[in-house]
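Number of protein chains: 4
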Amino acid sequence: MSKITPTTKGVFVIAATPFEPNGVIDSNSLDGMVDFYFDKGADGLTILGMMGEAPKLTHSESLSIAKQIIKRADGKPIVVGVSAPGLAAIGELTKAVMDEGAAGVMVAPPGGLKTNEQIIAYYANVVSTIGDEVPMVLQDFPLATGVSISSTTMGTIFENHPSIVMLKHEDWPGLQKITDLREAEANGRRRVSILCGNAGVFLPEEMRRGADGAMTGFAYPEMMVQICRLCNADKYDQAQDLFDAYLPLMRYEQQPALGLAVRKYVLAKRGVIAHTAQRKPGADLSSLAQKEVDFLMQRLERRLAELKN
Amino acid sequence: MSKITPTTKGVFVIAATPFEPNGVIDSNSLDGMVDFYFDKGADGLTILGMMGEAPKLTHSESLSIAKQIIKRADGKPIVVGVSAPGLAAIGELTKAVMDEGAAGVMVAPPGGLKTNEQIIAYYANVVSTIGDEVPMVLQDFPLATGVSISSTTMGTIFENHPSIVMLKHEDWPGLQKITDLREAEANGRRRVSILCGNAGVFLPEEMRRGADGAMTGFAYPEMMVQICRLCNADKYDQAQDLFDAYLPLMRYEQQPALGLAVRKYVLAKRGVIAHTAQRKPGADLSSLAQKEVDFLMQRLERRLAELKN
Amino acid sequence: MSKITPTTKGVFVIAATPFEPNGVIDSNSLDGMVDFYFDKGADGLTILGMMGEAPKLTHSESLSIAKQIIKRADGKPIVVGVSAPGLAAIGELTKAVMDEGAAGVMVAPPGGLKTNEQIIAYYANVVSTIGDEVPMVLQDFPLATGVSISSTTMGTIFENHPSIVMLKHEDWPGLQKITDLREAEANGRRRVSILCGNAGVFLPEEMRRGADGAMTGFAYPEMMVQICRLCNADKYDQAQDLFDAYLPLMRYEQQPALGLAVRKYVLAKRGVIAHTAQRKPGADLSSLAQKEVDFLMQRLERRLAELKN
Amino acid sequence: MSKITPTTKGVFVIAATPFEPNGVIDSNSLDGMVDFYFDKGADGLTILGMMGEAPKLTHSESLSIAKQIIKRADGKPIVVGVSAPGLAAIGELTKAVMDEGAAGVMVAPPGGLKTNEQIIAYYANVVSTIGDEVPMVLQDFPLATGVSISSTTMGTIFENHPSIVMLKHEDWPGLQKITDLREAEANGRRRVSILCGNAGVFLPEEMRRGADGAMTGFAYPEMMVQICRLCNADKYDQAQDLFDAYLPLMRYEQQPALGLAVRKYVLAKRGVIAHTAQRKPGADLSSLAQKEVDFLMQRLERRLAELKN
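Residue numbers (this note's numbering), protein chains in the order written: chain X, -13 to 295; chain V, -13 to 295; chain W, -13 to 295; chain H, -13 to 295.
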């Protein structure tokens, strides 16, 4: 079973968690969704993140979803989000999913952390709780967590903990941080893999700044796959053409809180999951919003056809 | 097995969760601690609150502690804190502890809530998740949660959900809120029980404003018991004399984050628990802080002796 | 001198404040910038907003800029941002700029407001301070202010204060709020003008939901002007074609804190202002960021040419 | 005219700003208030702080108050709060009050700062704006500002800027920070004066940890004066006896937002100022709160009499 490493590259799709309208986990959709992501070119998946509605699951539900997905992925790497208010829950879920064959775990900082010293101490506590043999992703998403991690703080954490092999980068603005991290590596700091989130809305710039790929849940994973390939081949104009075609929808999908409803709506329209349902307090798209997404999806198809010619 | 009701009065001590120095739950201390609280006059206990280090426990640990305490309490009411980032976890723990004989559950709002409408919707979701037959305590502690609930918002929640029978009041400043709630009841709104937290530092004023008692974890529960009794007997000067004697230590104990270390230190000195240990990231008192607490405890004993004469 | 009203429509550009590299106000650029905005089709300007670096100016500097711009605008409406931590400063600047012929003032809520009641009371205090004969814009920008104003809270404020004639709408997500406000008006509430901010990244959807135009500082105001015209003529596909062409740059410009450096860089490249300088703590774009913007500007020109054919 | 220095010791009272009921500055009360503070033993005053309702004043009002107080103080040191959202306003007021003979200025960090690096950069910008010949007080009050400054961050700021000669210490909990700073000085860092705020509720512990005195606005400044003297004479039990007598009222006065109404009420009862009025949105004490304060003041007098015998 493969693990993530400091040289991991490519696209890890942030997976949704499909539910039935009554809030029960839709296990039937799970396997098809995993197949869809890999069919579209994903290199791995990240499950039980914020977009995966992880905080709405019980421990046993989380574990059951992780088991099923890891099994279905059949050796392809699955990163599992284990963020929780306390270390014991993080440790418990980490142990369970690593035993099942996860490729690593992802941890975002809890909301109360303020000073650099508190953030550094937090990750030391996490690593000592889960063990330094477990590959870990640091999720840097200040808009959602309220925690700001400076480039130097992040550098200290990477120096302290070789088991943190990857950054899920979604600071906003965040391009300078990628440059800072890569420059520090050029000056001798060990390398970390940087996969970018934020719904992909800065993916071309991020790749040029030195990112290794994408880790986000945009409902057209093929976009991320192709843009990463084109950027890796230095075809930046072509990459940007493709990006621009998807951007109107990506922008719509990036709306905080609302974004997941958009993603589930698009995934359902694409036949990937059976229901758009989220667990409470999530809500379906209004009919006006559905029309707006329909309009953008139709225009996307048309624009992609134009680009092919 | 008794349940909390809108007319519940008295002192519910917020119980600590004792740990061994290695972070394992100290089950041996648990029973003695329960006995101590009731021996000192507590009417009930509230367990698995913030002070009980609840977010540091796994689900199975929480349940195991709740079981042991409910059993030891032998019919006396035990309220269980079930706050969690998601509704599923709240529902799961509520069902389990109510099945074991809990007197009710306590829920604080999660950090992200902002508008009145969001707060009102949150409690509607909680009640529909746990069922409206479960007696519930609303914990109003803006300093810790970051969520401000106005008097009118709270009134709307009480009107919407008769199963919310009690307020754990720890807004700061919060005296006007007690007056607002009692005035609304005088004008026809149904009654709720108001037990006050905030380490007890406003207990005399709170009782005169109409509170029904205290719900806090000050390490001398006998203080709360006596002050409630004296206030109920309109002996306000005597109540305040006693309060003033304890206040220097209460003030020291009220320091955010540090307070739990103080409480465990005092509880251990009083022989109630075997160890002062908290789970990480909690830390023991520094030696300077220990000396400060020792000084205050000695002065407290002296002052109580003076007052007896 | 024209004033804003509940039926004001069109594009009010959020004006930059040009500085010389040493931080002195660049009065020479000011007149040219005003001319540029109106030449590109702006219906009015909003000055001394966040993007105008208003908090970095002294009272006398603010007043001097306002005077010069109002004079240069020669009767076209100029809205002046007067947000400040205290009411006295708001009152002082409002009186001064209204005496000079401003079309109205704009007020964003200060950071500490939490409950609906506090927000409603704040705007009552503002209106009673500046007088209810001064037309006012309520700026709703939670990402920057930290204050969340629900649709019903906003409705109450509009009902209480007829002098608040306009909403600068930049909640995110915010489309539902436009729909809520327009539905309430359909049910009898008085009309307010809604001009949209957020760098314009939802302008087509906002216009279809019922907005009256745009109020933002995107460095190509002609885009906003044309999109508003096309949407008003129900030419949504054409509007979206144009929007999509600008979106890659708009998205780049929308980055919090960094956005102003992008705007000043583009405005300087377009010859509108002489220097890109911001007052501290603002900083110029890095050379990497400049290249990214250059790339997007070149692609924009190419795409606009394609669309013309 | 004396300036503050790294060895300044004693009590600097945070002065109220007296208003008439209609919100006009009550210049008549100003002189008497200054005399009262010095008669009670104050070594200096700090004016235009949060408690001085500084954000509610216009620039010219601030300057006029500062002039009158500096004149009345007749050579005794007056520190002036100059915190503002932008550097230009800080620079303008600093220059004006230093020209009038202020002893130094005080600056609290603005709300948006998050990382250590941002805080360090902010103070560098302030010092370069006001000039490094102006003695400055750093106000560390996270509960009010939302900005957390770690001991090491503070140390870096002190090392970078010798003109920052004093810390107004009101972190909570904050005792360890005093110990950290004094230990760093024992290891070679230059000394800063530490005067403590937080309404004085930890003054005895702060003095034993190495503080140089108090800087807070408790309405009985003679308490702070005597406690500092007793602590400096190592009479800790006597100091604590006195402290304990005042503590019930100090605790009441420390309530956030409400505290200023309490102070003005007590100051008016003591005949120091003519009116309890605050500028909006400040409000007078409710009649219930007035009774609570009356009760505590009467008990204080009684207890002080007991202690004398």
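C-beta: ideal position from N, C-alpha, C; glycine also.
With DSSP collapsed to three states, give me the class of residue i.
i: residue 181(V); result: strand
i: residue 290(H); result: helix
i: residue 197(V); result: coil
i: residue 62(V); result: coil
i: residue -3(H); result: strand
i: residue -10(V); result: coil
i: residue 124(V); result: strand
i: residue 5(X); result: strand
i: residue 32(W); result: strand
i: residue 154(X); result: strand
i: residue 80(W); result: helix
i: residue 186(W); result: helix
i: residue 141(X); result: helix
i: residue 93(X); result: strand
i: residue 115(W); result: helix
i: residue 259(V); result: coil
i: residue 202(H); result: coil
i: residue 18(W); result: helix
i: residue 98(W); result: coil
i: residue 27(X); result: coil
i: residue 245(X); result: helix
One question on the structure: do residue i and residue j come within less than 8 Å of each other, judged by their Cβ atoms?
i: residue 2(V); j: residue 199(V); result: no
i: residue 123(X); j: residue 84(X); result: no
i: residue 236(H); j: residue 160(H); result: no
i: residue 5(W); j: residue 264(W); result: yes
i: residue 30(V); j: residue 7(V); result: no
i: residue 128(W); j: residue 157(W); result: yes
i: residue 234(W); j: residue 293(X); result: no
i: residue -11(X); j: residue 121(X); result: yes
i: residue 116(H); j: residue 56(H); result: no
i: residue 80(X); j: residue 68(X); result: yes
i: residue 28(W); j: residue -1(W); result: yes
i: residue 181(V); j: residue 155(V); result: yes
i: residue 228(X); j: residue 72(V); result: no
i: residue 254(H); j: residue 268(H); result: no
Please report the Cβ distance between residue i and residue j, rounded to the nearest whole angstrom; I am assuming they are in contact, meaning their Cβ atoms lie under 8 Å.
i: residue 175(V); j: residue 141(V); result: 6 Å
i: residue 250(H); j: residue 259(H); result: 7 Å
i: residue 207(X); j: residue -3(X); result: 6 Å
i: residue 261(H); j: residue 21(H); result: Their Cβ separation, rounded to whole angstroms, is 18 Å, which puts residue 261(H) and residue 21(H) out of contact at 8 Å.
i: residue 109(V); j: residue 143(V); result: 5 Å
i: residue 133(W); j: residue 105(W); result: 7 Å
i: residue 97(X); j: residue 38(V); result: Contact doesn't hold; Cβ gap of about 20 Å is too wide.
i: residue -7(H); j: residue 177(H); result: 7 Å
Item to check | Contacting positions in the region 237 to 249 of chain V - beta carbon closer than 9 Å to chain H | outcome: 237, 238, 241, 242, 243, 244 and 245
Checklist entry - Can you list, in chain order, the residues of the region 173 to 184 of chain W whose Cβ is nearer than 8 Å to any Cβ on chain V? => result none
Next on the checklist: Which residues of the region 185 to 206 of chain H have a Cβ closer than 8 Å to any Cβ of chain X? Give them in chain order.
Outcome noted: none
Next on the checklist: Closer than 7 Å between beta carbons: that is the criterion. Which residues of the region 72 to 101 of chain X meet it against chain B?
Outcome noted: Here chain B cannot be found, since the structure's protein chains are X, V, W and H.
Next on the checklist: To be precise: take each residue of the region 39 to 67 of chain X, compare its Cβ to all Cβ atoms of chain V, and keep it if any distance is under 9 Å. Which residues remain?
Outcome noted: 39, 40, 41, 42, 43, 44, 45, 46 and 47
Item to check | Short-range partners of chain W found in the region 249 to 268 of chain H, where Cβ spacing is below 9 Å | outcome: 265, 266 and 267
Checklist entry - Just by C-beta distance, which residues in the region 108 to 131 of chain X are closer than 9 Å to chain V? => result 108, 111, 114 and 115
Checklist entry - In the region 151 to 167 of chain W, which residues sit with their C-beta less than 8 Å from some C-beta in chain X, listed in chain order? => result 158, 159, 161, 162 and 165
Item to check | Residues within the region 272 to 287 of chain X neighbouring chain H, beta-carbon criterion of under 9 Å | outcome: none
Checklist entry - When you check each C-beta in the region 218 to 234 of chain X against every C-beta of chain W, which residues fall closer than 9 Å? => result 222, 223, 226, 227, 229, 230, 231, 233 and 234
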